[in-house]
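Encoded as structure tokens, the structure appears first; notes follow it.
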Amino acid sequence: MQVLSIPEGHSQKETILSTKCRFLLWSCVVIPISIMISIVAVVIFIRYQSSFSSN
Numbered sequence: 094m095q096v097l098s099i100p101e102g103h104s105q106k107e108t109i110l111s112t113k114c115r116f117l118l119w120s121c122v123v124i125p126i127s128i129m130i131s132i133v134a135v136v137i138f139i140r141y142q143s144s145f146s147s148n
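Numbering (our numbering), first residue to last: 94 to 148.
What follows is the structure, encoded as structure tokens:
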């Protein structure tokens, strides 16, 4: 019984680690993309506003 419970706990730890790594990977990918999109949107908005006010 003890021998069987050890691999189960190990596999559970592995799945928790894999989900943490996946979450970190997703955050490392999604956060820079969202930052870039927001920067581009702000730049476009500022340029649009300045061109609109000059015209």
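We put the beta carbon where it would ideally sit given N, CA and C, even for glycine.
Between residue i and residue j, what straight-line distance do the alpha-carbon atoms span, to the nearest angstrom?
{"i": "Ser-111", "j": "Arg-140", "result": "43 Å"}
{"i": "Gln-142", "j": "Met-129", "result": "20 Å"}
{"i": "Ser-144", "j": "Val-136", "result": "12 Å"}
Could you check if residue i is buried or exposed, using at least 16 other CB atoms within 10 Å of its CB as the buried criterion?
{"i": "Leu-97", "result": "In this prediction, Leu-97 has a pLDDT of 49, which is less than 50 and means its spatial position is unreliable; nothing more can be read from the coordinates."}
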